[in-house]
Amino acid sequence: MSSRTPVIAGNWKMYKDHLEAIQLVQKLAYHLEAEDYEDQEVVVCPPFVSLRSVQTVIQSDDLPIGLGAQNCHPEDEGAFTGEVSVPMLSRLDVTYVIAGHSERRALFGESDAVVNEKVRAIQHHGLRPILCVGESLEEREAGRAVEVVVQQLRGSLDGIAIDDPEALVVAYEPVWAIGTGRTATPQDAQEMCAAVRAEVASLYDQATADGVRVQYGGSVKPGNVKSLMSQPDIDGALVGGASLSSEDFALIVRHRR
Ligand code: 13P
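Residue numbers for the sequence shown follow our numbering, beginning at 15 and rising by one.
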C-alpha cells in the first residue's frame with residue numbers, strides 16, 4: 015500500500031448552471047458518509063460561474079469536499095477579456111485547478127508551454143495543479159503513447175520545482191477514453207501511470223515521484239473504478255460524465271465499500 019492519499023475529482027466540464035450545481039453538490043453530500051472521506055480526497059470542479067455557489071454550500075454545511083476549477087489564466091490580472099486568474103480562484107477557496115485538459119489542448123490550442131505557465135501560476139499561489147496528459151488513439155496505435163505522455167510531462171513541468179510532491183496531481187487521461195465509454199484496461203492504465211511516475215523520478219527524484227498523485231481519467235464509472243483504483247500507481251480518478259450524477263459519483267467515491 016502506498017502512503018499517497020487518493021484524490022477522486024469530478025470534472026463537470028460545461029454542464030450544470032449554478033442552481034443545478036448547488037443541487038448536485040448537496041445530493042452528493044447526502045449520499046456520502048464520514049468514512050467515505052477518510053484517507054481520500056473528494057473534489058468537485060464546477061464551471062467558473064458556479065464556484066461561488068458551490069463554495070457557499072460547502073462552507074455552510076461544513077462539507078469535507080474540496081473545490082477545484084477547470085482552467086485558469088497564468089497572469090494575476092490584466093486586460094484578458096473572458097479569463098479568470100488564480101488569485102480570483104484562491105479567494106473562492108478553490109484548492110485544485112485542472113491544467114492542460116485534453117479538451118483545452120485540442121479545442122483551444124493549449125500547448126505544453128501554455129500549460130507550463132498555468133502550472134507555475136497555480137503553484138505560485140499555493141493551489142494544486144491537476145496536470146492532464148494523455149495520448150490520442152492514433153498515437154497509441156502507432157505505439158507512441160508513452161513517448162507522447164512523457165513529452166507532455168516534460169514540457170508542462172519544464173523548469174518547475176516541486177517542493178511538496180503532494181501538491182502536484184498528474185491525471186493520465188487517454189483521449190480515446192474520454193466520453194467514449196471506452197476505458198483503458200487497468201493494466202494499460204497502470205502501465206502509463208507507472209511511466210508517469212518514472213518520468214517524475216527522472217526529472218526530479220524518487221521521493222518526489224513517490225509522493226506525486228497520479229490519477230486515471232477516461233470513462234471512469236461505478237463498475238470499473240475498483241479495478242482501476244486497485245492498481246499500485248493509480249492514486250485517484252478524474253471523472254467526467256459520471257460525476258454529473260450524484261448517485262454515480264458517490265458510488266465511485268465509495269468504491270472501497
Ligand atoms: P469522462 O469520464 O466523461 O470520460 O471524462 C473524463 C475527463 O475528461 C475528465 O477530465
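Beta carbons are placed, not taken as given, at the ideal position from N, Cα and C, and that holds for glycine.
Model, not experiment: these values are computed from the prediction.
Bounds of any beta strand (DSSP E) do not take in residue 84, whose DSSP letter is neither H nor E.
Around the beta carbon of residue 30, a 10 Å sphere encloses 16 or more other beta carbons of the protein chains shown; the residue is thus reported as buried. Inter-residue distance for residue 210 and residue 133 is about 17 Å (C-alpha atoms, whole angstroms).
Across the set 241, 198, 163 and 130, the C-alpha of 130 shows the shortest separation from the C-alpha of residue 88.
Residue 197 is positioned such that its CB atom lies closer than 8 Å to that of residue 232. Residue pairing by DSSP puts residue 24 in a beta bridge opposite 58 and 253. Residue 257 and residue 174 have their C-alpha atoms spaced approximately 31 Å apart. When distances are taken from the beta-carbon of residue 193 to the heavy atoms of the ligand 13P, the shortest one is below 7 Å.
Secondary structure note for residue 167: it is in no beta strand (DSSP E), and the uninterrupted alpha helix (DSSP H) holding it is 159-171. Nearest to residue 55 by alpha-carbon distance, out of 126, 35 and 82, is 82.
The Cβ atoms of residue 32 and residue 67 lie closer than 8 Å to each other. Annotation for residue 269 indicates a beta carbon at 7 Å or more from all heavy atoms of the ligand 13P.
For residue 234, the closest alpha carbon among the candidates 225, 191 and 151 is that of 191. Residue 262 places its beta carbon less than 8 Å from that of residue 236.
For residue 49 and residue 41, the gap between their C-alpha atoms comes out near 17 Å. Look at residue 77 here: in three-state DSSP terms it is coil, with no helix or strand label. Note on geometry: alpha-carbon atoms of residue 230 and residue 93 lie some 36 Å from one another. Looking at 162, 38 and 136, the one whose alpha-carbon comes closest to that of residue 151 is 162.
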